[in-house]
Every structure is written in C-alpha cells, then in structure tokens.
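Colleague:
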Amino acid sequence: METILSVKGLGKAFKERQIIKDISFEVKRGEIMAILGPNGAGKSTTIRSIMGILYPDEGTVKFHQCEAGKIPRHKIGYLPEERGLYKNVKVMDMILYLAELKDYPIKKAKERALHYLKKLGLEGKEKVSVEELSKGMAQKVQFIGSIIHEPELLILDEPFSGLDPLSQDVFKNEIKELAQSGTAILLSSHQMNMVEEICDRLFMIHRGQRVIEGTMADVKNEYANFKCTIRGNNEASVLERLSNVSRVEQKGNVAVIYLNQDVVVPLWLRRLPETLSIDELSIDRISLHEIFIDIATDQHIVKEGDASYA
Amino acid sequence: MRNSFKVAKWEINRNMKNKSFLISLLVTPAMFAFFLFIPQLFGDSDSTKTVEVFIADELGVAKDVEQLVDQEQLQWNVHFTDMEEGEMRTRVIDEENTVYMAFTEKALDDGVVPVYKTEDVNEDFMYATYALEVPLRQLQLNRLDLSEEQKTAIAKGISIEQVEWRNAESGQNMPTGEYDPLKRIVPGVFAAIILFSSVMTGMMIFTSASQEKKEKVAEIILSSVTPVELMQGKIIGYFVLGITQVVVWLAIGLPIFVWKSDLPILEYLFVPELLVLVVLAVAGYLLFAAIFVAIGATVEDMTATSNFQGLVMMLPFVPLIFIAPIIGDPSGIIAKVFSFIPFTSPAVWMMRLSLLEEWPWVEIGISAVILFATIWLMMKAAGKVFKIGILMYGKNATPKEIWKWLWA
C-alpha cells in the first residue's frame, strides 16, 4: 500500500515538560490508523504537529506526493478535537465555505453536502441555522466539512467523543467506507471498543512516548491474553502458585488471574485444585480496553518503552 | 492572499446576512437624524409659543420697538400700557407666559431697564431683548445733546483686532470675508465618518476573532488557511463592511442634508484634499484593526476581559479627550505632539486639517511615515499574537503572555 504520511522522531516540549518524544509512524492509503492514549498522553499534540498548527521541536512530518516541508492543506481533511462552527450561519453555507477554503468546486461540494447530510440523517437541515443544531448534529456537520473535498488523508481527533451510540455507529461505518474507497485515515480516540472494531493499525502513546504499535491482529496476539475471573474466598498466594499465571489482582472476594500467552485453556481449567472456593468463574481475553487501562494506570501487561513489536 | 480574500468574502457575506448588522446599518443614521432633528422639534415648539409682552412706554419708543419685533421676527405679542413698575411686580406672580418691561425715564437715567417675566418664559427671551438696547441707547445719546460726530464716535465704540500680515505681503491675501471654513470642514467630517465607521467595524473584528476562538472554529479553518491569511482576511472583510456602512449612511444622509441645508456640500466634498483625509482614515482603520484582531484572539470570555484588553479597546477614543485644546489651537503644542503619536494621529490630523487654512505638509509627511511604519509593525506583531492566541483555549491571555508571544 502506498504511504501517504510519514512521521519521524517527532518531539515537542512546552517549557520544561516533554509532551511527546520520538514519535514515528506511517499512514497508508486505504488504511485506518489509530493513535491511542489516555488524556494528556500527547495525541492532540502529535496531530497538531502534523497539521502544522504546532511546530514540533524535533522530527519531521512528510506528506508523500508533496514537496518536503509543505502541507498539502487541500488534500487533507481535519476534524480537530477543539471543534465548532460559526453560530449564525446556515448549515449549507458553513459546509460550502469549508469546501471553498479547500478550493473544491462549489457545485460538486453542494451535491456531496446534500448526499452526506441525507446519509447522516440530517436531510432537510441544510437551511437551518447552525445554532439550532444539537451537539451531535453539529458534529456530523463538522465531519461532513472535513470530508467534503474528498481528502486523500483524513485526520480525526476524537471523532466519537460526545456522540450517542447510534451516531457513533454512523460515524464508524462512514469512516470504514472512506477507508475502503482509498482514503488514508488517522484517528485518535480513547474509545477502545470503536478502535478495536474499525482500525487496521494502532499506535498507543503514554506520557508522550510509544508503548504499543502494530496491526490490530498482532497487538491482540501479543497482549490480549486470557484472564480468569473467580468469585470466591481464596488466598492470593494460592492463586499465584497456579501454573501459567503471570499476575493476580484481588479485590475482596473477586480475583482476576492473568494467564501467560502459551496457556492451553482446557488443560489449565482441569488442573485447578479442588480446594478452591468458586462461586463464579469466567474466562475471556484481555480487551484492548483493559490494555489501555493497564497502561494508563502504570500496571504490568506492557512496560513503557517495551514495544519492540511493529 | 487568495485565501485571505476567501476569508474576507465569508466575513462580508456572514455579516450582510446577519440581522443585527443590517439593523445597525440602517438604524445608526436614523439615530443620528433623530438626535439632529428631535431637539429642533422641541426647540421649535417652545419658541413658537408667543409671549405676551407688556411695555410701559414712558420714553415714546413704541414705534421703534414694533419695528424691531417685526424685523427680528420675534414671537412677541406687544401691548403698551401705563402700568406702574410696582403693579408689574405684583401681577407677574400669578400670570403665565407674560413679560413686563418698564421703559421709564428712571430706567434711562440708571441705564438699567427692569424686566419682569413669569417663570415659564424661556431664558432665550432675554437674548432677544438685547435688540431693544440699540434704540434705547440711541435715545440716551440723543438726550445728551451731542454733535453728530460725537454720537457716531460713541456709538461705534472701539475694538482691538489682530491683522493678518503674512499673506498681505505676497499680495495674494484673500479678503477675510471670503474664506469659508466649510471648505475644509466638510471633507474633514467626511473622513471622520469613515474613520468612525471603520473603527466601529474594527470593534466587530475584535468580536469576530474572540468568537472564532470561543466557538472553536479556528482550528478547523486553520487546517485550510494559515493564521496570517485568516487575520488578513478578517481585516480586509471588515474594512469592506465599514466602507459599505459609510456608503449606506451617505446614501441616506447626504440627500437629507442637501435638502435640509442650502450649503453646496458636494462641491466642498470632492476636493483633492479629501484624498489625504481618506488615506488618513484608512490608515487609522488598519492600525486599529491590527490591534483589535490580535487582542480579540487573546480574549475568550468577553465578560472576563481584563483591564488590559479594555484599555487597548479605548485607544481609538483617546483623541476625543484632547478635542478642546486641539480645536482651540490647531497649531498648538498639544495638537502637534498628538499628530505624531500613531494612535492619535489620524483623528488629530482630521481635526487639525479641518481647521487649518494652510496645511503643514512637512508635518503631515513625517507623521504619515511614523504612522505607516507603526501599521507595518503592528501587523507583524498582530500576526504573532493572533497565531498563538487564537488556538489557546480556556482562558484569556495575560499581558505578560502576549508580550512573550511577541518575541517567540
């Protein structure tokens, strides 16, 4: 796949504090790439550096098919985290202005705007004043504004935040379709379930540094091991002595036992000692969500900087 | 630059479709007209009321008085009576809209004519009575038994006057009567309207930049244009709006003015000097627009605007403080000093040039250089402040922060 954007060794500090450090990744045509991380991890700083809204202290941002150092603004669609619309204008005027700024033909923009308004459930709203829109509707209009000019690269900073589950699904499908039609998409989010569903690759940052990077499948293989949750009155030390256990978390009478990567689940279950007190038992895989929480709270599934995976 | 024009076009369209802008566009001249004509209406109603004037004419000046009342078109209903002064004093207490005057021998001797007027009679009435002093004075002189020469000498009085000698030598001296102050004032007022209007729309730039920040549109827009393009677009857009405002005002105002007054306004207006004044107005706009757009980008919550931002917004009004000394002496030290300070120079020059018969071109030139250099610097500085300020969310910037951005 053709690479659209390469970021190399990006670093930025505000005053003494290092916000991001040595961030490198690529975004390819037709691919959805996610930047993940807890609040304040440096996602937006990374994206703003790409957009030329912030100037990184070090590192390079290269848009392929464009001379070095230049940002092909009319080929990029951008939905920032801090987003809004002019209040006292009509929806269509707002969208057409954004299209005009991107040098996109007005007539075509109008057709596309109507098409997308209909698709996102805003049919007939084109003449409504922006201030009459609900937050979710406004976000849809902003989304349309960011894709109206058929960008080659679409950068979405927290596209799902503030949306109800229904609208989240609409956005999710739309993003997927855009990727299928060849748009390179870079999105940031901390909604792991969404990311898990639609992203091809992910890049997780914590405290401004890369912690996990790779395709969704690889990351899951690597980090999404099995875990066993047992409700019952058991000593932690007993559980820790079981085979293939990497770690035990106990809260009251609920214990979560994290298992090694090479565990064979039926075998492991059969070998559980009969003395264990079990009111409930469940076995499932660690979700991306848990990996995320784990990293954000500095636990042990992944160590910072220990991301040899790529 | 092309992007700047797109932004400008957007700002123009957006405001032109905005009801509050349209209303202010039409209401402002209406307000001016209102304040211009309403006092006249009230004034008229007061002065049209005819005052009953009773005169005890012991001196036999009735004829002269009637003639004067006719000549000056005074709204007096004159009655001649034989009333005593004492009676006047008692009658004036209960009556309305009435004045008693005693032209008595005693008054002539004392040189003071007593007037009793009821409370509701306007103070202006007393100004009108000055006209009566002339025939009384004449009578007084006549009684003195003087020769005609002596009378004329006394009646003429004496005055001390300055003589204009500069132009007298060159022989191009314009007879003083022919110099018409309106010749300068009309273009000056025109330029002042442009400056006023554009400073007002300049205030809208402030709001626009601040809103852009508050409504968080800035980052979306900045993914398509650079901050400087956005800023320039706003400055250009609001300039066009300001000019539109002037055009609308004049389109409404000029015909009314030409109709209401007999002055040849248009003849006075379209003179070459107007060009200089318009350039000054435009310069004033550019200067304040640069400042306002930058300050607007530092303010998110207008109710929490700090003193600093508020003070900066007052800058265009500083010349108003010095309006009296400048008009009093358009070539004085205060007028000169403020002509060279960029923030006050456009307005101060407008006042001075409207009053000065001979324009000090060297001073104009020097101050224009200072002004345009300042505009250039301010634009640069505004670009820096705007670039950082517009994307800073959540709080207003402090002067210290703004100072730091300038050198970033």
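Taken in order, these protein sequences are the chains called E and Y. Start counting the first sequence at 1; every next residue gets the next number (my numbering). Start counting the second sequence at 311; every next residue gets the next number (my numbering). The beta-carbon is built from N, C-alpha and C at its ideal position, and this holds for glycine as well. Every value quoted in this text rests on a predicted model; they were computed, and no experiment measured them.
Leaving out five residues on either side along the sequence, give the residues of the same chain with a beta carbon under 8 Å from the beta carbon of Y/G638.
Modeller: No residues qualify anywhere along the chain.
Colleague: Pick from E/T3, E/I144 and E/G136: whose alpha carbon is nearest that of E/E31?
Modeller: Nearest of E/T3, E/I144 and E/G136 to E/E31, Cα basis: E/T3.
Colleague: Starting from Y/K316, find everything on chain E with Cβ-Cβ shorter than 7 Å and list it in chain order.
Modeller: Under the 7 Å cutoff, chain E gives E100 and L101.
Colleague: Determine the direct distance from the alpha carbon of Y/E443 to that of Y/G481, and round the result to whole angstroms.
Modeller: At Y/G481, the pLDDT of 42 sits below 50, so the modelled position is not reliable; the number obtained from the coordinates is stated separately. Approximately 41 Å between the Cα atoms of the pair.
Colleague: Which term fits E/I291, buried or exposed, when burial requires 16 or more other beta carbons within 10 angstroms of its beta carbon?
Modeller: The residue in question, E/I291, is buried, as its Cβ has 16 or more Cβ neighbours within 10 Å.
Colleague: Mapping DSSP to helix, strand and coil, what is Y/N617?
Modeller: Reduced to three states, the DSSP call for Y/N617 is helix.
Colleague: Determine, using beta carbons only, whether E/V256 and E/T297 come nearer to each other than 7 Å.
Modeller: No; because the gap between Cβ atoms is not below 7 Å, this pair is not in contact.
Colleague: So the candidates are Y/A599, Y/L335 and Y/M513; which of them puts its Cα closest to the Cα of Y/A561?
Modeller: Of Y/A599, Y/L335 and Y/M513, the residue nearest in Cα terms is Y/L335.
Colleague: By the criterion of Cβ-Cβ separation under 9 Å, what are the contact partners of Y/E610 in chain E?
Modeller: Residues of chain E passing the Cβ test: none, with the nearest at roughly 11 Å.
Colleague: Ignore the nearest five residues each way along the sequence and tell me which others in E/T183's own chain have a CB closer than 6 Å to its CB.
Modeller: Answer for E/T183: L154, listed in chain order.
Colleague: Can you find the residues in the same chain that come closer than 7 Å, C-beta to C-beta, to E/L85, ignoring five residues on each side of it along the sequence?
Modeller: Contacts found: M94, V130, A138, V141 and Q142.
Colleague: What's the C-alpha gap between Y/F681 and Y/A593?
Modeller: The sequence as given places Leu at residue 681 of chain Y; Phe does not occur at that position. Looking at the two C-alpha atoms, the distance is approximately 7 Å.
Colleague: Compare the C-beta of Y/K705 against all C-beta atoms of chain E and say whether one is closer than 7 Å.
Modeller: By this cut-off, Y/K705 is not an interface position.
Colleague: Taking 8 Å as the threshold, find out whether the region 593–605 of chain Y comes into contact with the region 684–698 of chain Y through three or more Cβ pairs.
Modeller: A contact exists between the region 593–605 of chain Y and the region 684–698 of chain Y.
Colleague: List the residues that DSSP assigns as beta-bridge partners of E/H206.
Modeller: Per DSSP, E/Q209.
Colleague: Do the CB positions of Y/V550 and Y/I322 come within less than 7 Å of each other?
Modeller: Result yes, Cβ atoms of Y/V550 and Y/I322 sit closer than 7 Å.
Colleague: Using the Cβ count rule (16 or more neighbours within 10 Å means buried), how would you classify E/I39?
Modeller: Here residue 39 of chain E is Asn; the residue named in the question, Ile, does not match the sequence. With fewer than 16 Cβ atoms within 10 Å of its Cβ, E/N39 is classed as exposed.
Colleague: Are any of the Cβ atoms in chain Y nearer than 7 Å to that of E/V27?
Modeller: No, E/V27 does not count as interfacial toward chain Y.
Colleague: What's the gap between the Cα of Y/K329 and the Cα of Y/A528?
Modeller: Rounded to whole angstroms, Y/K329 to Y/A528 spans 23 Å at the Cα level.
Colleague: Within 8 Å, do at least three Cβ pairs link the region 492–512 of chain Y to the region 35–53 of chain E?
Modeller: Too few Cβ pairs lie closer than 8 Å, so no.
Colleague: Suppose you measure from the CA of Y/F650 to the CA of Y/W717; what does that come to, to the nearest Å?
Modeller: Approximately 26 Å, taken between the alpha carbons.
Colleague: Look at Y/V379 and Y/W386 and say whether their C-beta atoms are less than 7 Å apart.
Modeller: Going by C-beta atoms, Y/V379 is nearer than 7 Å to Y/W386.
Colleague: If you measure between the beta carbons of E/F203 and E/V265, is that distance less than 7 Å?
Modeller: No.
Colleague: Tell me the rounded alpha-carbon separation between E/G9 and E/L272.
Modeller: Using only the alpha carbons, I get a separation of about 48 Å.
Colleague: Please list the terminal residues of the continuous alpha helix (DSSP H) segment that includes Y/M514.
Modeller: Element bounds for Y/M514: L492 to K524.
Colleague: Could you say which of E/I286, E/E16 and E/G162 lies nearest to E/E82 if we only look at CA atoms?
Modeller: Of the listed residues, the one whose Cα sits closest to E/E82 is E/G162.
Colleague: What is the rounded straight-line gap between the Cα of E/I106 and the Cα of Y/G543?
Modeller: Whole-angstrom Cα-Cα distance: 20 Å.
Colleague: In the DSSP output, which residue or residues are listed as bridge partners for E/T60?
Modeller: BP columns for E/T60 point to E/K8.
Colleague: Pick out whichever of Y/V425, Y/L630 and Y/A692 has its Cα sitting closest to the Cα of Y/A438.
Modeller: The shortest C-alpha separation from Y/A438 is found at Y/V425.
Colleague: I want to verify the contact list: residues of chain Y whose CB lies under 7 Å from the CB of E/V89, in sequence order.
Modeller: Those within 7 Å of E/V89 in chain Y are R324.
Colleague: In three-state terms, what does DSSP make of E/Y97?
Modeller: In this structure, E/Y97 counts as helix in the three-state DSSP scheme.
Colleague: Considering only the alpha carbon of each residue, which of Y/Q555, Y/M326, Y/E397 and Y/V317 lies closest to Y/F506?
Modeller: Nearest of Y/Q555, Y/M326, Y/E397 and Y/V317 to Y/F506, Cα basis: Y/Q555.
Colleague: Whole angstroms are fine: how far does the CA of Y/E471 sit from the CA of Y/W669?
Modeller: So the two alpha carbons sit approximately 24 Å from each other.
Colleague: Using the beta-carbon count (16 or more within 10 Å), is Y/N706 buried or exposed?
Modeller: Buried.
Colleague: Alpha carbon to alpha carbon, how far is E/V128 from Y/A591?
Modeller: For E/V128 and Y/A591, the distance between alpha carbons rounds to 39 Å.
Colleague: Tell me whether the beta-carbon of Y/E406 lies closer than 7 Å to the beta-carbon of Y/T428.
Modeller: Yes, they are a contact pair.
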